[in-house]
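Enquirer:
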Amino acid sequence: MKSAFGTLMIAAGMSALLIGGIHLLTKSRVHDNQQTYALEVLKTVVPRDEIALALQKKPSPYYTIDEAGRFIGVLFNISTEHGYNGRIEAWLAVGLDHKVLGVQTTFHQETPGLGDFINAGSLWNRQFLGKQLNQARFDIRLDKGDFDNVTGATVTSRAYTRMIKTGIDHPALMRLTQEQQSD
Amino acid sequence: MTDATHHLQDGLWRNNPALVQLLGLCPLLAVSQQLVTALALGLVTLIVLTTSNLLISLFRRFLISDIRLPLQILVIATLVSAADLLLQAFFFELHQRIGLFVALIVTNCTILGRAELFARRNAITASIADGFWMGFGFLWVITLLGGIREIIGRGTLFGGFDLILGPSAQSWVIEFSSTPIIIAGMAPGAFLALGCMIACKNWLDQRYESSKKDRVSQHPAR
Chain Y
43 MKSAFGTLMI AAGMSALLIG GIHLLTKSRV HDNQQTYALE VLKTVVPRDE
93 IALALQKKPS PYYTIDEAGR FIGVLFNIST EHGYNGRIEA WLAVGLDHKV
143 LGVQTTFHQE TPGLGDFINA GSLWNRQFLG KQLNQARFDI RLDKGDFDNV
193 TGATVTSRAY TRMIKTGIDH PALMRLTQEQ QSD
Chain Z
2 MTDATHHLQD GLWRNNPALV QLLGLCPLLA VSQQLVTALA LGLVTLIVLT
52 TSNLLISLFR RFLISDIRLP LQILVIATLV SAADLLLQAF FFELHQRIGL
102 FVALIVTNCT ILGRAELFAR RNAITASIAD GFWMGFGFLW VITLLGGIRE
152 IIGRGTLFGG FDLILGPSAQ SWVIEFSSTP IIIAGMAPGA FLALGCMIAC
202 KNWLDQRYES SKKDRVSQHP AR
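Here the protein sequences line up with chains Y and Z, keeping their order. Count along the first sequence from 1, then add 42; that gives the number in the working numbering. Count along the second sequence from 1, then add 1; that gives the number in the working numbering.
Right, dumping it as structure tokens:
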């Protein structure tokens, strides 16, 4: 019995050492891969080729978007608590002229099936593309705005549209525009 | 019949882990939606199975019957964890697709089955041969299943090969149909396709058996 216990302990120790060793050797590589992958996924928010994202940490984290070396806008997280079942989160990309470059839902708890129209890449989502803060009324048609609401899911449509409306004026946009003008 | 061809025939056909022993169905059915994921998981399984047979045969002296199951699982779990880490380091995008099932290789009964039934009682070379051909038997079945389900369920073949071979393989995709039969890509489709493959194998076996009988009855003197 004693030798069985000892064998088991030694085997467990050896296996822990082996996995620990491989983990140490691959750790930095795996970390790099995760970063690159996360960035690639994030790039799909903006439906354009050849863009580069750079993380900015102040005041709150956001990304600047460069297209072919030229600065075109910022990408950041927006959220609302007014969804039918509470919280909705999304990535929003906005150009310097407050034009929507892309929007992608990352989290919601709306009614399955009925509320799915806000999911990433949906047709409904695409109506925001290219709309500018000063030229479009960021409300649903029921509230005399310019955006379609989905029948039976008015609350979701309204919450989402208002989330973009309040989120679109990112503080970094103003500062970056001024910087560009002074250049 | 030599020992080597015995292992080959056993693994690839007569005692095939997926078609005859019906072991490891969880990864077999879950990861065979597309050729590339099926091939990748089959290859990882092949490597893990061969290595686990090697190690268990190597340490079979220490496999006291009281603790042999925990030890075998320990060896398999170690190898799978190592494979998982290496995939994350070198084939990260592929890992995003099949990562969940790589961990599940531990529960692939083919591997524990070969450790328990073969490797702990046999010499190292025989155990490696057994592990390799059993793994290969699993590999060809899951790859074929993946190919069939990709053609029917997605209307494409060779899609996503850039995950393992780099961007140059993006052009490998062959489009068959723009109106795929979605069910083939879902769980019921997996069961149906595997059922058809097993039926096919049994039919071929039966035909072979009866043709052998015919030959014997035509030449009773032999």
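Each residue gets a CB set at the ideal place from its N, CA and C atoms; glycine is no exception.
#1: Residues of chain Z with CB under 8 Å from L66(Y), in chain order?
#2: Going by beta carbon distance, what residues of the same chain come within less than 6 Å of T144(Z), once the five residues before and after it are set aside?
#3: Find the residues of chain Y that neighbour L72(Z), judging by a C-beta separation of less than 8 Å, and give them in chain order.
#4: Determine, using beta carbons only, whether A80(Y) comes closer than 8 Å to chain Z.
#5: Between the alpha carbons of A78(Z) and T203(Y), how many angstroms are there, rounded?
#6: Please confirm whether L229(Y) has its beta-carbon closer than 8 Å to some beta-carbon of chain Z.
#7: Between the alpha carbons of Y257(Y) and W133(Y), how many angstroms are there, rounded?
#8: What are the complete alpha helix (DSSP H) segments, minimum 4 residues, inside the stretch 80 to 108 of chain Z?
#9: Taking 7 Å as the limit between beta carbons, can you name the residues of its chain near M186(Z), skipping five residues before and five after?
#10: Answer yes if the stretch 152 to 162 of chain Y comes into contact with the stretch 205 to 219 of chain Y, meaning at least three C-beta pairs across the two stretches below 8 Å, and no otherwise.
#11: Which residues in chain Y sit within 7 Å of D67(Z), going by Cβ to Cβ distance?
#12: With DSSP as the reference, label Q169(Y) as helix, strand or coil.
#13: Could you check the C-alpha separation between T51(Z) and G161(Z) for me, to the nearest Å?
#14: Going by DSSP, what residues sit across from T46(Z) in a beta bridge?
#15: Short check: CB of S58(Z) to CB of I125(Z), under 8 Å?
#16: What does the alpha-carbon distance come out to for the pair S169(Z) and T122(Y)?
#17: Indicate whether the contact test is met: 3 or more Cβ pairs, each with one atom in the stretch 9 to 28 of chain Z and one in the stretch 74 to 88 of chain Z, closer than 8 Å.
#18: Between the Cα of I206(Y) and those of K173(Y), T219(Y), E152(Y), L165(Y), spot the shortest distance and give me the residue it belongs to.
#19: In the DSSP assignment, find the beta strand (DSSP E) that holds D108(Y) and state where it starts and stops.
#20: Comparing alpha-carbon positions, which option in T153(Y), E109(Y), F118(Y) lies nearest Y126(Y)?
#21: Considering only residues of the stretch 145 to 205 of chain Z, which uninterrupted alpha helix (DSSP H) runs meet the minimum length of 4 residues and lie entirely inside it, listed in chain order?
#22: Give the residues from the stretch 151 to 167 of chain Z that approach chain Y closer than 8 Å (Cβ to any Cβ), ordered along the chain.
#23: Report buried or exposed for T157(Z), applying the criterion of at least 16 other Cβ atoms within 10 angstroms of its Cβ.
#24: May I ask which residues mark the beginning and end of the alpha helix (DSSP H) holding V136(Y)?
#25: Identify whether T147(Y) lies in helix, strand or coil by the three-state DSSP scheme.
#26: Tell me whether M56(Y) is buried or exposed, calling it buried when 16 or more other Cβ atoms sit within 10 Å of its Cβ.
#27: Taking DSSP as the reference, what is the three-state secondary structure of E92(Y)?
Expert: In this structure, then:
#1: For the purposes of this step, residue 66(Y) is identified with residue 24 of the first sequence, where counting begins at 1. Ordered by position in chain Z, no residue passes the 8 Å Cβ test against L66(Y), which lies about 10 Å from the chain.
#2: The residue you call residue 144(Z) lines up with position 143 of the second sequence. Here the set comprises A39, L40, G43.
#3: As a working note, residue 72(Z) is residue 71 in the second sequence. Going along chain Y in sequence order, the residues near L72(Z) (Cβ under 8 Å) are T49, L50, A53.
#4: In the first sequence, the residue the question calls residue 80(Y) occupies position 38. Cβ-Cβ to chain Z under 8 Å: no for A80(Y).
#5: Within the second sequence, numbered from 1, the residue matching residue 78(Z) stands at position 77. Within the first sequence, numbered from 1, the residue matching residue 203(Y) stands at position 161. Rounded to whole angstroms, the gap between the alpha carbons of A78(Z) and T203(Y) is 49 Å.
#6: Residue coverage of chain Y in this structure runs from 43 to 225, which leaves residue 229(Y) outside it and unanswerable.
#7: No answer is possible for residue 257(Y): the residues shown for chain Y start at 43 and end at 225.
#8: You should have 93 to 104.
#9: Here residue 186(Z) is taken as the residue at index 185 of the second sequence, counted from 1. It should be noted that the sequence gives Gly, not Met, for residue 186(Z). Cβ within range, chain order: Q34, R150, G154, R155.
#10: No contact exists between the stretch 205 to 219 of chain Y and the stretch 152 to 162 of chain Y.
#11: The sequence position of residue 67(Z) within the second sequence is 66, counting from 1. Within 7 Å Cβ-Cβ: A46.
#12: Reading the first sequence from its first residue, position 127 is the one you call residue 169(Y). Annotated three-state conformation of Q169(Y) is coil, per DSSP.
#13: Working through the second sequence from its first residue, we reach residue 51(Z) at position 50. Working through the second sequence from its first residue, we reach residue 161(Z) at position 160. Going from the Cα of T51(Z) to the Cα of G161(Z) covers about 27 Å.
#14: Position 45 of the second sequence, counted from the first residue, corresponds to residue 46(Z). When beta bridges are read from the DSSP output, T46(Z) appears opposite no residue.
#15: Within the second sequence, the letter at position 57 stands for residue 58(Z). Within the second sequence, the letter at position 124 stands for residue 125(Z). It is a contact, given that the beta carbons lie within the stated cut-off.
#16: Along the second sequence, read from residue 1 onward, the residue named residue 169(Z) stands at position 168. Along the first sequence, read from residue 1 onward, the residue named residue 122(Y) stands at position 80. Each residue's alpha carbon lies about 42 Å from the other.
#17: Contact between the stretch 9 to 28 of chain Z and the stretch 74 to 88 of chain Z is absent: fewer than 3 CB-CB pairs across the two stretches fall below 8 Å.
#18: Working through the first sequence from its first residue, we reach residue 206(Y) at position 164. Considering only K173(Y), T219(Y), E152(Y), L165(Y), the residue with the shortest C-alpha distance to I206(Y) is K173(Y).
#19: Along the first sequence, read from residue 1 onward, the residue named residue 108(Y) stands at position 66. Under the DSSP assignment, D108(Y) falls in the beta strand (DSSP E) whose first and last residues are 104 to 109.
#20: Counting from one through the first sequence, the residue named residue 126(Y) turns up at place 84. When only C-alpha atoms are compared, the closest one is T153(Y).
#21: Correct list: 163 to 166.
#22: Cβ contacts with chain Y: none found.
#23: The residue you call residue 157(Z) lines up with position 156 of the second sequence. Classification of T157(Z): buried, given that the 10 Å Cβ count is 16 or more.
#24: Here residue 136(Y) refers to the residue found at position 94 when the first sequence is read from its first residue. Note, V136(Y): premise wrong, no alpha helix (DSSP H); beta strand (DSSP E) at 128 to 137.
#25: Within the first sequence, residue 147(Y) is the residue found at index 105, counting from 1. If DSSP states are grouped into helix, strand and coil, T147(Y) belongs with the strands.
#26: By 1-based counting over the first sequence, the position of residue 56(Y) is 14. Classification for M56(Y): exposed.
#27: Position 50 of the first sequence, counted from the start, is the residue given in the question as residue 92(Y). Coil.
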